[in-house]
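Below is one structure, written out as structure tokens, with a few remarks after it.
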Amino acid sequence: KWWGKGYELEKDSEEEPTNEEKYNLPPLPAKEELMKMHPEQLREMEQKYLDQAIWKRDEESVKEYYTLVAAFRAMSRGFAAVHNYVTMTSPELSTADMAPSTPMGIKTKKANILNDLNSKLKSEYRNFGLMIFMSGSCGACKVMHPLYKAFAIRHGWQVQYIDVEQRPDLVDHFKVKVTPTVIMVQSNTNNHQTVSHGVVALPNLETNIYRSLRLMKGEIDMQQFLTMEHQMGSSLDPLAKRKIQ
4 KWWGKGYELE KDSEEEPTNE EKYNLPPLPA KEELMKMHPE QLREMEQKYL DQAIWKRDEE
64 SVKEYYTLVA AFRAMSRGFA AVHNYVTMTS PELSTADMAP STPMGIKTKK ANILNDLNSK
124 LKSEYRNFGL MIFMSGSCGA CKVMHPLYKA FAIRHGWQVQ YIDVEQRPDL VDHFKVKVTP
184 TVIMVQSNTN NHQTVSHGVV ALPNLETNIY RSLRLMKGEI DMQQFLTMEH QMGSSLDPLA
244 KRKIQ
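Its first residue numbered 4, the sequence shown is counted upward by one per residue in the numbering used here.
Below, the structure written as structure tokens:
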């Protein structure tokens with residue numbers, strides 16, 4: 004049966020490649036050549052040579068993998084060096100002025116933030132007030148009440164406490180979902196903004212109110228919600244028009 008024999012011969016000739024033939028990688032280029040490659044090329048090679056090192060577990064394959072890692076590390080360090088030089092010589096590209104790392108710089112940063120907060124909140128006590136929605140069965144309300152009182156004393160703001168069970172109309176109007184909820188209202192307008200709900204620290208409450216009133220007054224765009232007054236126009240102002248040399 005010639006056709007049967009021919010089939011068997013053809014079948015035998017189609018042997019599966021061995022693991023060595025299928026997975027063995029070519030020798031790694033020299034480090035100098037590796038450093039000329041694009042990072043994406045290196046990332047692809049890194050995974051392949053890591054797999055080979057784990058598979059073979061011999062000195063040469065592990066050495067090749069770490070040669071690749073060393074090239075990547077050298078490129079990264081070179082970038083870091085140029086980064087430091089550029090940010091040193093081009094302050095408009097650096098955040099060092101607004102995000103210091105030294106103890107004295109951090110102390111100054113905190114002082115500037117506190118000055119912004121306190122001066123703004125105290126200057127606006129006639130124009131804004133707080134409506135605080137609470138409930139007699141709310142444990143968090145009892146925890147937060149001293150903090151609300153401290154805020155009112157510190158900044159001179161008027162605070163109105165509202166029992167949600169007695170004023171369901173206001174609950175519906177302001178869409179209050181949980182207690183306590185703090186809503187900032189602007190005098191002689193319909194403008195209002197939820198600034199806090201649940202348990203928060205007093206500094207966080209002050210910061211939320213500060214940011215919200217600046218946004219409500221049109222002093223900032225929503226993209227600048229995190230930007231303090233002393234940071235306007237700086238590297239921390241996303242809308243700053245800083246000229247890049």
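Heads up, the beta-carbon is just placed ideally off N, CA and C, and yes, glycines get one too.
Just so we're clear, the structure is a prediction, and the values are computed from it rather than from any experiment.
Note down, in chain order, each residue of its chain lying with its Cβ closer than 8 Å to the Cβ of Gly132, except the 5 sequence neighbours on either side. Taking the sequence shown and counting its residues from 1, one reaches residue 132 at position 129. Trp160, Gln161, Val162, Gln163, Met187, Val188 and Ser190.
Please say whether Tyr213 and Lys123 have beta carbons closer to each other than 8 Å? Within the sequence shown, the letter at position 120 stands for residue 123. Within the sequence shown, the letter at position 210 stands for residue 213. In this structure, Tyr213 lies closer than 8 Å to Lys123 by Cβ.
With Asp119 as the anchor, note down where its alpha helix (DSSP H) starts and where it stops. The residue you call residue 119 lines up with position 116 of the sequence shown. Per DSSP, Asp119 belongs to the alpha helix (DSSP H) from Pro106 to Ser126.
For the beta strand (DSSP E) containing Asp166, name the first residue and the last one. Start at 1 with the first residue of the sequence shown, and residue 166 comes out as number 163. Taken as a continuous stretch (DSSP letters only), the beta strand (DSSP E) holding Asp166 covers Gln161 to Asp166.
Can at least three beta-carbon pairs, one atom from the region 108–118 and one from the region 146–153, be found at a separation below 8 Å? no
Distance check for Met101 and Thr192, CA to CA, integer angstroms please. Start at 1 with the first residue of the sequence shown, and residue 192 comes out as number 189. Start at 1 with the first residue of the sequence shown, and residue 101 comes out as number 98. Computed Cα separation, rounded: 35 Å.
Spatial distance of Leu173 from Thr105 (CA atoms): What you label residue 173 is simply residue 170 of the sequence shown in a count that begins at 1. What you label residue 105 is simply residue 102 of the sequence shown in a count that begins at 1. If I take the Cα positions, the gap works out to 48 Å.
Where does His41 sit, in a helix, a strand or coil, going by DSSP? Taking the first residue of the sequence shown as 1, we reach residue 41 at position 38. Correct three-state label for His41: coil.
Quick check: Tyr68 and Ala56, are their CB atoms within less than 8 Å of each other? By 1-based counting over the sequence shown, the position of residue 68 is 65. By 1-based counting over the sequence shown, the position of residue 56 is 53. Cβ atoms of Tyr68 and Ala56: closer than 8 Å.
Helix, strand or coil for Ile212? Go by DSSP, reduced to three states. Position 209 of the sequence shown holds residue 212. In this structure, Ile212 counts as helix in the three-state DSSP scheme.
Consult DSSP for Gln255 and reduce its assignment to one of helix, strand or coil. There is no way to answer for residue 255, as the model of the chain reaches only from 4 to 248.
Would you call Val179 buried or exposed, if buried means 16 or more other Cβ atoms sit within 10 Å of its Cβ? Reading the sequence shown from its first residue, position 176 is the one you call residue 179. It is buried - the Cβ of Val179 has at least 16 other Cβ atoms within 10 Å.
Residues in the same chain with beta-carbon distance under 7 Å from His158, minus the five sequence neighbours each way, listed in chain order, please. As a position in the sequence shown, residue 158 is number 155, starting the count at 1. Leu124, Lys125 and Tyr128, listed in sequence order.
Leu208: which of Asn121, Glu36, Pro30 and Ala99 sits nearest, CA to CA? Here residue 208 refers to the residue found at position 205 of the sequence shown. For the residues Asn121, Glu36, Pro30 and Ala99, the minimum Cα distance to Leu208 belongs to Asn121.
Helix, strand or coil for Glu235? Go by DSSP, reduced to three states. Here residue 235 is taken as the residue at index 232 of the sequence shown, counted from 1. Sequence inspection shows Met at residue 235; the Glu mentioned does not correspond to that position. In this structure, Met235 counts as coil in the three-state DSSP scheme.
Excluding the 5 residues preceding and the 5 following Ala74 in the sequence, name in chain order all residues of the same chain whose CB lies nearer than 6 Å to its CB. Here the question's residue 74 lines up with position 71 in the sequence shown. Once the five neighbours on either side are set aside, the close Cβ partners of Ala74 are Lys34, Leu37 and Met38.
DSSP state of Thr197, grouped into three classes? Here residue 197 refers to the residue found at position 194 when the sequence shown is read from its first residue. Strand.
Beta-carbon gap between His200 and Thr184 smaller than 8 Å: Here residue 200 corresponds to residue number 197 of the sequence shown, with the count starting at 1. Here residue 184 corresponds to residue number 181 of the sequence shown, with the count starting at 1. Cβ distance < 8 Å, so His200 and Thr184 count as in contact.
Val89 versus Ile156: straight-line alpha-carbon distance, rounded: Within the sequence shown, the letter at position 86 stands for residue 89. Within the sequence shown, the letter at position 153 stands for residue 156. Rounded to whole angstroms, Val89 to Ile156 spans 48 Å at the Cα level.
Exposed unless 16 or more other CB atoms sit within 10 angstroms - verdict on Leu242: Here residue 242 refers to the residue found at position 239 when the sequence shown is read from its first residue. Under this definition Leu242 is an exposed residue.
Is Met134 helix, strand or coil when you go by DSSP? On the sequence shown, position 131 is the one that residue 134 refers to. Correct three-state label for Met134: strand.
Close beta carbons around Met219, own chain, < 7 Å, minus the five adjacent residues each side: Start at 1 with the first residue of the sequence shown, and residue 219 comes out as number 216. Counting only Cβ-Cβ distances below 7 Å, and skipping sequence neighbours, we find Gln189, Asn194 and Gln196.
Under 8 Å, do Thr182 and Ser138 count as touching if we go by C-beta distance? Position 179 of the sequence shown holds residue 182. Position 135 of the sequence shown holds residue 138. It is a contact, given that the beta carbons lie within the stated cut-off.
So is Val198 buried or exposed if we call it buried at 16+ other beta carbons inside 10 Å? Counting from 1 along the sequence shown, the entry for residue 198 is found at position 195. Looking at its Cβ environment, which holds 16 or more other Cβ atoms inside 10 Å, Val198 is buried.
Just reading off the alpha helix (DSSP H) that Pro171 is part of, what are its end residues? Locating residue 171 in the sequence shown gives position 168, counting from the first residue. That run of the alpha helix (DSSP H) goes Pro171 to His176.
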